[in-house]
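Protein chains: 2
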Amino acid sequence: MKELISISKAIEILSFIYVDMLGKERISIFKAKDRVLAQDIVAHIDVPGFDRSAMDGYAIKAEDTFGSSDKRPSSFKLKGDSDDESAPCRIGHGDAIKVHTGSVVPKGANAVVRFEDAVEVGGSIKVFKTIIPGKNISYKGEDIKCGNIILRSGRILRSQHIGMIASLGYGSIEVYRRPVVAVFATGDDLVEVGSLPTEGKTLNSNIPMIYGSLKELGCKVIYLGIAENKEEGILAKLNLAIEKADAVITIGGMSVGNKDIVPQVIGGTGKILFHGVRIRPGKLCGAAVVGKRPVLMLPGYPVAALLTFKKFFPVILSRMMGNSEYPGKEINFFVRPKTKISTREDSTYLVKVNVYKYLAEPVNIYSDVMLSSMVNVNAILEIPEEINEVTPEDMIECTYLG
Amino acid sequence: MKELISISKAIEILSFIYVDMLGKERISIFKAKDRVLAQDIVAHIDVPGFDRSAMDGYAIKAEDTFGSSDKRPSSFKLKGDSDDESAPCRIGHGDAIKVHTGSVVPKGANAVVRFEDAVEVGGSIKVFKTIIPGKNISYKGEDIKCGNIILRSGRILRSQHIGMIASLGYGSIEVYRRPVVAVFATGDDLVEVGSLPTEGKTLNSNIPMIYGSLKELGCKVIYLGIAENKEEGILAKLNLAIEKADAVITIGGMSVGNKDIVPQVIGGTGKILFHGVRIRPGKLCGAAVVGKRPVLMLPGYPVAALLTFKKFFPVILSRMMGNSEYPGKEINFFVRPKTKISTREDSTYLVKVNVYKYLAEPVNIYSDVMLSSMVNVNAILEIPEEINEVTPEDMIECTYLG
């Protein structure tokens with residue numbers, strides 16, 4: 375292991391690695407949730423596309439109401455209902471046409487009086503107050519102007535964006551293809567999950583954990599099993615991974631013990647970007663590029679594996695999609711520690727916390743090994759390496775886990 | 375429309391509706407991410423399953439190091455490597471056995487000295503400081519005790535939980551079945567997305583938006599199209615929805631205009647729980663139960679539809695899964711408004727904001743109609759109805775939009 379680097383240096387390195395970019399594909403807007411946009415979205419229409427009533431009411435000329443009061447209402451002749459084909463499509467002074475939310479406002483009208491603010495008697499209506507021009511009308515192009523770029527390539531598409539894109543007439547859009555990620559574990563003591571372990575053996579529980587996390591990020595996952603902990607075993611899995619996938623994740627075999635040879639084997643065939651980050655837990659993680667494929671090497675301890683995965687893998691995916699947004703980049707989420715937390719200045723500490731309201735209670739702060747501590751953890755507090763104590767007075771950045 | 379109710383009353387009502395519960399199914403732990411647990415998870419093993427070395431180093435009796443110093447190191451005879459079958463499985467005073475992270479600690483040993491804290495010379499090692507008994511050993515059952523309930527039914531399974539469950543030997547688990555949700559829209563002016571709208575027509579953009587949001591909540595979605603805006607048209611879709619799905623969402627047709635008849639039609643065949651909530655936007659939303667199926671009635675405006683969906687639909691799903699956790703119930707997320715925001719005391723205001731660091735900047739606060747405002751919105755600030763002004767001094771609850 376070479377010199378440890380800072381977490382920000384690690385992220386910087388991953389943000390600029392030279393790897394193959396993901397291709398693009400066209401998908402239905404119905405399947406676009408959480409995908410990453412690979413085109414700019416241009417408005418080809420005005421929204422609204424016509425002067426639209428924002429309320430149920432009567433379309434009128436606003437100036438006809440000027441000076442109206444309870445005692446001196448203004449009066450209008452009701453010329454029809456916009457829903458009827460026979461209704462006039464233009465009004466003059468003293469005219470009113472019944473309109474509905476979303477209706478086209480008749481030409482000549484410049485305001486809509488709500489039903490509640492008018493009284494209909496026979497063929498006419500009375501209005502008891504001054505209505506301001508433009509009232510209850512959404513003008514053509516007021517919301518979105520034709521020709522404007524509304525969203526740029528690289529945005530993660532959330533529900534609100536999908537509604538907007540669909541409103542612009544798009545039925546399908548270009549997004550980055552789902553990344554295919556190959557995963558394998560190393561460790562002679564590992565046995566696959568689904569049975570009770572025998573003495574000296576450890577269940578390979580990292581795999582379903584990372585598998586689910588990858589799925590959440592929209593990846594297709596190829597699980598290659600447990601590599602035999604020898605150069606040939608690791609190389610065989612690595613070569614298969616490089617051949618089949620866009621990115622590779624290895625789990626385990628990262629410590630400085632004489633049997634932990636993953637970085638050495640990967641370094642022999644590709645380029646190690648870093649091995650060792652000033653981060654706790656997760657100090658032993660690393661990254662490499664092999665054949666223009668990014669390789670993230672996670673430590674074997676579950677808590678360390680999960681936290682370093684969450685910290686670094688989205689950066690790699692972002693890089694493969696033209697440095698797009700990624701989860702954690704788009705929003706910061708701050709909380710107060712419930713108690714004082716002391717750390718050493720040698721590392722960025724990722725502290726497991728349970729956040730309730732805006733208070734973060736540390737959970738088993740100094741144990742990275744305890745799996746049970748993860749039951750009630752719902753977020754990770756990040757204490758930068760230049761800080762060695764945080765208190766309930768501080769607002770600290772947090773990554774939400776769930 | 376009857377009397378408007380408060381948002382908390384609406385949530386209370388939905389938390390206790392009498393509807394069919396979702397069934398359960400057994401799935402692989404690999405597919406468990408974000409599913410809702412429908413069984414308690416009991417530990418059938420101790421974790422660790424044996425006294426386990428937490429470091430690479432030498433297993434010794436700690437008391438043999440008491441009083442050791444740089445000048446007076448303690449000395450041990452190296453009896454083997456735990457990886458070799460021939461290594462003794464028990465040590466005595468003055469003995470050391472090389473162990474690796476995750477190895478079984480030999481009987482008789484009660485501490486592990488890290489490689490870095492010892493010097494190996496020939497067949498013996500020297501230790502230069504006092505090692506505390508228990509150092510670098512994870513004892514059998516220290517993390518999780520056999521027989522304990524680790525997670526209870528109703529928890530949403532996040533990555534950290536999956537790692538833990540897999541470590542306990544579970545290969546599959548019982549979760550609530552994915553809910554099937556039928557959705558239809560009403561509105562004679564609606565046309566389906568994927569083409570440019572003609573004058574007077576509105577693209578049915580709510581559907582892909584809500585479709586994606588439902589998928590995110592783990593639902594299977596049946597889209598039934600646009601209902602003809604007559605009693606028969608709405609009833610036909612509703613009956614189909616009730617027959618095919620566990621829950622129903624209608625969009626549009628909720629206002630008090632004479633053509634908005636969705637609540638009236640649904641009330642004619644089932645029971646309206648509420649129609650009208652003191653919430654802005656979204657005042658016109660409603661809920662009903664028809665044939666033991668919950669029906670959420672969303673207003674037609676996209677922003678109002680999305681926000682009321684996010685607020686109420688997870689509560690309904692939770693109810694159908696035995697009042698399980700649901701997104702938004704598990705974690706609260708607080709921010710400060712960037713500017714003063716004034717609201718009326720008549721409603722809970724859902725204010726669209728852009729959160730950066732812990733500051734929330736309101737976006738088009740008083741327009742519910744503007745779709746463009748959703749581009750930069752990443753969260754919703756909730757200002758309770760009894761409060762009519764919030765300032766940058768306040769911490770306000772926020773819902774992250776994803």
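As you go down the protein sequences, you meet chains A and B in turn.
In this note's numbering, each residue's number is its place in the first sequence (first place is 1) plus 374.
In this note's numbering, each residue's number is its place in the second sequence (first place is 1) plus 374.
Every residue, glycine too, gets a C-beta built ideally from N, C-alpha and C.
Nearest-angstrom Cα distance between residue i and residue j?
i	j	result
GLY468 (chain B)	LYS500 (chain B)	11 Å
ASP420 (chain B)	LEU525 (chain B)	15 Å
GLU377 (chain A)	GLY696 (chain A)	29 Å
TYR392 (chain A)	SER477 (chain B)	38 Å
GLY586 (chain A)	SER541 (chain B)	15 Å
ILE523 (chain B)	ARG409 (chain B)	19 Å
GLY650 (chain B)	ASN510 (chain A)	21 Å
MET628 (chain B)	HIS418 (chain B)	53 Å
GLY561 (chain A)	LYS472 (chain B)	18 Å
ASP563 (chain B)	GLY508 (chain A)	22 Å
SER456 (chain B)	ALA470 (chain B)	10 Å
ILE466 (chain B)	ARG718 (chain A)	Note that residue 466 (chain B) corresponds to Gly in the displayed sequence, not to Ile. One C-alpha to the other measures close to 36 Å.
ALA485 (chain B)	GLU602 (chain A)	29 Å
GLY528 (chain B)	ARG693 (chain B)	10 Å
VAL669 (chain B)	ASN750 (chain B)	31 Å
GLY674 (chain B)	PRO701 (chain B)	24 Å
GLU566 (chain A)	SER746 (chain A)	20 Å
GLY496 (chain B)	LYS604 (chain A)	27 Å
SER427 (chain A)	GLY626 (chain B)	16 Å
ILE445 (chain B)	GLU494 (chain B)	Note that residue 445 (chain B) is Lys in the sequence shown here, rather than Ile. The alpha-carbon atoms of LYS445 (chain B) and GLU494 (chain B) are separated by roughly 16 Å.
THR504 (chain A)	TYR732 (chain B)	43 Å
THR773 (chain B)	MET395 (chain B)	27 Å
LYS481 (chain B)	CYS520 (chain B)	21 Å
LYS645 (chain A)	ALA662 (chain A)	5 Å
Using a C-beta to C-beta distance shorter than 7 Å, which residues of chain B count as neighbours of residue i?
i	result
PHE424 (chain A)	GLU573, GLY574
MET769 (chain A)	TYR732
What residues of chain B sit near residue i, judged by a beta carbon separation below 9 Å?
i	result
THR475 (chain A)	SER629, GLY631, ASP634, GLY674, TYR675
MET326 (chain A)	A question about residue 326 (chain A) goes unanswered here, because the residues of chain A that appear run from 375 up to 776.
List, in chain order, every chain B residue whose beta-carbon is nearer than 8 Å to that of residue i.
i	result
GLY543 (chain A)	VAL567, GLY568, SER569, LEU570, PRO571, LEU577
HIS418 (chain A)	LEU570
VAL421 (chain A)	LEU745, SER746
PHE558 (chain A)	Within 8 Å Cβ-Cβ: nothing; PHE558 (chain A) doesn't reach chain B, min ~15 Å.
Find out if the Cβ-Cβ distance for the pair residue i, residue j is shorter than 9 Å.
i	j	result
ILE379 (chain B)	PHE648 (chain B)	yes
LYS514 (chain A)	ASP414 (chain A)	no
PHE686 (chain A)	LEU411 (chain A)	no
ALA406 (chain B)	PRO676 (chain A)	no
GLY331 (chain A)	ASN738 (chain B)	Missing from the structure shown is residue 331 (chain A); chain A here goes from 375 to 776 and no further.
LYS403 (chain B)	THR722 (chain B)	The identity of residue 403 (chain B) in the sequence shown is Ile, whereas the question assumes Lys. The answer is no: Cβ separation not under 9 Å.
ARG760 (chain B)	SER716 (chain B)	This sequence places Glu at residue 760 (chain B); Arg is not what is there. Not a contact, by the Cβ cut-off of 9 Å.
LEU598 (chain A)	VAL557 (chain A)	yes
For residue i, go through chain A and note every residue whose CB falls closer than 9 Å to its CB, in chain order.
i	result
TYR432 (chain B)	Near TYR432 (chain B) there are no residues of chain A at all, since even the closest Cβ is about 13 Å away, more than 9 Å.
PHE648 (chain B)	The premise fails here: PHE648 (chain B) is roughly 21 Å from chain A at the closest Cβ pair, so nothing lies under 9 Å.
Just to make sure I have the definition right: I need the residues of chain A whose C-beta is within less than 7 Å of the C-beta of residue i. Which are they?
i	result
GLN534 (chain B)	LEU680, MET748, VAL751, LEU775
ASP563 (chain B)	GLY476
PHE707 (chain B)	PHE707
*Are the stretch 425-445 of chain B and the stretch 487-494 of chain B touching, with three or more C-beta to C-beta distances below 8 Å?*
Output reads yes: the stretch 487-494 of chain B touches the stretch 425-445 of chain B.
*Indicate whether the contact test is met: 3 or more Cβ pairs, each with one atom in the stretch 545-558 of chain B and one in the stretch 395-407 of chain B, closer than 8 Å.*
Look at the beta carbons and you see the stretch 545-558 of chain B touching the stretch 395-407 of chain B: at least three pairs across the two are nearer than 8 Å.
*Mind listing which residues of the stretch 578-604 of chain A have their C-beta closer than 7 Å to chain B's C-betas, in chain order?*
The stretch 578-604 of chain A vs chain B, Cβ under 7 Å: SER579, ASN580, PRO582, MET583, TYR585, GLY586, SER587, LYS589, GLU590.
*Just by C-beta distance, which residues in the stretch 678-700 of chain B are closer than 7 Å to chain A?*
Listed by position, the residues of the stretch 678-700 of chain B near chain A (Cβ gap below 7 Å) are LEU680.
*Taking only beta carbons into account, state which residues of the stretch 722-735 of chain A come closer than 8 Å to chain B, listed in chain order.*
Close to chain B, meaning a Cβ-Cβ distance shorter than 8 Å, are the following residues of the stretch 722-735 of chain A: VAL729, TYR730, LYS731, TYR732.
*the stretch 619-626 of chain B / the stretch 435-444 of chain A touching (three or more Cβ pairs under 8 Å)*: The stretch 619-626 of chain B, when compared against the stretch 435-444 of chain A, does not touch it at the 8 Å Cβ threshold.
*Output, in sequence order along the chain, the residues in the stretch 389-415 of chain B whose CB is closer than 9 Å to any CB in chain A.*
Residues of the stretch 389-415 of chain B whose Cβ lies closer than 9 Å to any Cβ of chain A, in chain order: SER402, ILE403, PHE404, LYS405, ALA406, LYS407, ASP408.
*Which residues, in chain order, does the stretch 514-529 of chain B contribute to contact with chain A at a C-beta distance below 7 Å?*
Hits within the stretch, in order: ASP517, ILE518, ILE524, LEU525.
_Touch test, the stretch 603-618 of chain B against the stretch 743-761 of chain A, Cβ-Cβ under 8 Å, three pairs minimum_ = Verdict: no, contact absent.
*Using a Cβ cut-off of 8 Å, which residues of the stretch 501-512 of chain B contact any Cβ in chain A, in chain order?*
Legend: CB atoms of the stretch 501-512 of chain B lying less than 8 Å from CB atoms of chain A belong to residues SER512.
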